[in-house]
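Notes follow once the structure below has been shown.
In my numbering, the protein residues as written are 17 to 204.
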């Protein structure tokens, strides 16, 4: 049985108000990269059912050659060191990184509706977050969702995806998240 995740946009772009005049000073998303059309379609890619299969995908998923495209504070905090494309287990910490993706939020391993944020190393116009997951030990329980809208942090202006979705069943989920060429794998 295939279970489809329910995705609810959990954040909206800041509306009109006193901060409107400050928006021009915020960093902007990078232009749509030319390589984006040559990437595999994560929305149609198979859902990895084992850590070994997920990590094999990470080894062949295209990479961006240039450095971090986030704002400077995010680059120095989350992306200062190289991190391999292996599946990370953040169950003991609130924030963790795999490859070029950082995941965090409160109680990200609990079943039910969860608010989770995802920070890619190279945010760009036209990128979409694609999350694919499987309940470890049950190949028939899978989730897949996409999120095309960016959120922005205050006051720094970092770019991230803020999601609220439902883990259909309790247990450990193997999750592969991509945004453009950025790839990460987590056991949640």
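Quick reminder that beta carbons are idealized off the backbone N, C-alpha and C, glycines included.
Per DSSP, the continuous beta strand (DSSP E) segment holding residue 148 begins and ends at 145–151. For residue 204, the secondary structure class from DSSP, reduced to helix, strand or coil, is coil. Secondary structure at residue 99: coil, using DSSP grouped into helix, strand and coil.
Residue 189 places its beta carbon 8 Å or farther from that of residue 178.
In this structure, DSSP gives residue 106 a helical state, which the three-state scheme calls helix.
Annotated three-state conformation of residue 155 is strand, per DSSP. For residue 193, the enclosing beta strand (DSSP E) stretches over residues 189–195. Within its own chain, the residues whose Cβ lies closer than 6 Å to the Cβ of residue 99, once the five positions on either side in sequence are excluded, are 113, listed in chain order. Of the other Cβ atoms in all chains shown, fewer than 16 fall within 10 Å of the Cβ of residue 82; this residue is therefore exposed. By the Cβ-count criterion, residue 155 is exposed, with fewer than 16 other Cβ atoms from all chains shown falling within 10 Å of its own Cβ. DSSP, reduced to helix, strand and coil, places residue 75 within a helical segment of the structure shown. The beta carbons of residue 74 and residue 201 sit about 6 Å from each other, so the pair counts as a contact at 8 Å. DSSP, reduced to helix, strand and coil, places residue 58 outside both helices and strands of the structure shown, so it counts as coil. Here residue 140 carries a strand assignment [DSSP, helix/strand/coil]. With contacts defined as CB atoms closer than 8 Å, residue 174 and residue 86 qualify as a contacting pair. Counting C-beta atoms within 10 angstroms of its own C-beta, residue 72 has fewer than 16 neighbours from the protein chains shown and is therefore classed as exposed. The Cβ atoms of residue 193 and residue 78 lie no closer than 8 Å to each other.
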